[in-house]
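First residue of the sequence shown? That's 1 in the UniProt record's numbering, and the numbers climb one at a time after it.
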Amino acid sequence: MQESSIPVSPVRIAVIQCDPQVGIEHCEGNLNRGLALTRRAIREGANLIVLPELANTGYSFHSRAEAYAHAEPLQGGDSLRAWADLAREHKVYLAAGFAERDGHKLYDSAVLFGPEGLLGHYRKAHLWNQEKLWFTPGDLGFPVFETPIGRIGLLICWDIWFPEVPRLLAAQGADIICSLNNWVWTPPPLFDEAGRCMASYLTMTAAHVNNVYIAAANRIGRERGGRFLGCSLIAGTHGWPLGEVANAEEECILYADVDLSAARSAPIWNSLNDLPRDRRTDLYDATLGYRLHPPMPR
């Protein structure tokens, strides 16, 4: 527990669940809808906003050529300029997903903007299904970005199925992980009696075992025969959702008021249990052999 009840790093998180549609003719509308929902969240007091994976393009490309036509460079893309301008104008932090073009390579990427401009950039490491046909696997590792509101990590969709990803972000001192998603409808069973999908539980588990906040924004809707799960949520350091888990059908914004510095408090449930201390780093490497970025204690 923190010694003081006064928030050290107060943040109002917003995750945006929406329905971007693939097709060049839809890109401007996708971008504008995401910006409008972001502005709504800002009016409600949010200062850390998370949009879904590929928020400006939609998801279900038919070919590499089509994916390439939807992509933007990290520097100078219209969507990235709009997101940067919004973050600067309103003095907020915004995570958003886009198709990144770097020379002849395509990446399923996420960016983090703040009032100062671009703060972070991540390329999806674990590619799902046909993504492997369009995108190159990410080559930036799993960086954590220092910001005035706390340390922020990024992951994208299928990454949450690999427990190494949130563990490595937590090992670098992340206070919150922004999870940008296009969780798809897969063969049943999809939902339990509480209406939660497996991705919800994976998010909750990762937050719980790493003592980190996770803000997971997913999309909804149907696209070229595919369907998306919704189920966006914000998980607390204890793992449980802070507020509701979104349903599978409706556009919405979820909010949570947190003190991000609380993630740095030891998750001790009794006098003998402490998750970071109890790790058997005498038996395995504390960072699982990861060497791209240094560990950072919280």
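Note that beta-carbon positions come from the ideal geometry of N, C-alpha and C, so glycine has one too.
Please read all numbers here as calculations on a predicted model, not as lab measurements.
- Does DSSP put Val-245 in a helix, a strand or coil? Mapped onto the sequence shown, residue 245 falls at position 245. Looking at Val-245 - three-state DSSP - the assignment turns out to be coil, as it is neither helix nor strand.
- Item | Proximity of Ile-16 and Thr-38 at Cβ, strictly below 8 Å | Along the sequence shown, one-based indexing puts residue 16 at 16. Along the sequence shown, one-based indexing puts residue 38 at 38. The answer is yes: Cβ separation under 8 Å.
- Roughly how many angstroms lie between the CA atoms of Met-296 and Gly-173, to the nearest whole one? As a first step, residue 296 must be located in the sequence shown, where it is residue number 296. As a first step, residue 173 must be located in the sequence shown, where it is residue number 173. Cα-Cα distance, rounded: 5 Å.
- Can you tell which of Val-111, Arg-219, Ser-5, Arg-222 has its C-alpha closest to the C-alpha of Pro-143? Indexing the sequence shown from 1 puts residue 143 at position 143. The alpha carbon of Pro-143 has as its nearest neighbour, out of Val-111, Arg-219, Ser-5, Arg-222, the alpha carbon of Val-111.
- Taking just the CA atoms, how far does Val-50 sit from Pro-73? The sequence position of residue 73 within the sequence shown is 73, counting from 1. The sequence position of residue 50 within the sequence shown is 50, counting from 1. C-alpha separation (whole angstroms): 20 Å.
- Item | Cα-Cα separation, Leu-275 to Leu-154 | Locating residue 275 in the sequence shown gives position 275, counting from the first residue. Locating residue 154 in the sequence shown gives position 154, counting from the first residue. Between Leu-275 and Leu-154, the C-alpha separation is close to 22 Å.
- Report yes if the C-beta distance between Asp-159 and Ala-125 is below 8 Å; otherwise report no. Walking along the sequence shown from the start, residue 159 turns up at place 159. Walking along the sequence shown from the start, residue 125 turns up at place 125. Contact: yes.
- Query: If you compare alpha carbons, which of Leu-133, Gly-150, Lys-91, Leu-190 is closest to Asp-175?
  - Reply: Position 175 of the sequence shown, counted from the first residue, corresponds to residue 175. For Asp-175, the nearest C-alpha among the options comes from Gly-150.
- Which of helix, strand or coil DSSP assigns to Val-165: Sequence index remark: in the sequence shown, residue 165 carries index 165 (1-based). Val-165: helix per DSSP, three-state reduction.
- Taking the DSSP output, what are the residues bridged to Ile-234? Indexing the sequence shown from 1 puts residue 234 at position 234. In the DSSP output, where bridge partners are listed per residue, Ile-234 has Ala-215.
- Length of the line joining the Cα atoms of Thr-136 and Ser-63: In the sequence shown, the residue the question calls residue 136 occupies position 136. In the sequence shown, the residue the question calls residue 63 occupies position 63. Approximately 14 Å, taken between the alpha carbons.
- Message: At 4 residues or longer, what runs of the alpha helix (DSSP H) sit wholly inside the stretch 97-176?
- Response: Runs of the alpha helix (DSSP H) inside the stretch 97-176: 131-134, 164-171.
- Task: Return yes when the Cβ of Glu-251 is within less than 8 Å of the Cβ of Ile-220, no when it is not.
- Result: Within the sequence shown, the letter at position 220 stands for residue 220. Within the sequence shown, the letter at position 251 stands for residue 251. Glu-251 is positioned such that its CB atom lies closer than 8 Å to that of Ile-220.
- Message: Please report the distance separating the alpha-carbon of Tyr-284 from that of His-121.
- Response: The sequence position of residue 284 within the sequence shown is 284, counting from 1. The sequence position of residue 121 within the sequence shown is 121, counting from 1. Rounded to the nearest angstrom, the two C-alpha atoms are 29 Å apart.
- Query: To the nearest whole angstrom, what separates the beta carbons of Val-11 and Leu-260, a pair I think is in contact under 8 Å?
  - Reply: In the sequence shown, the residue the question calls residue 11 occupies position 11. In the sequence shown, the residue the question calls residue 260 occupies position 260. So it is a contact: roughly 5 Å between Cβ atoms.
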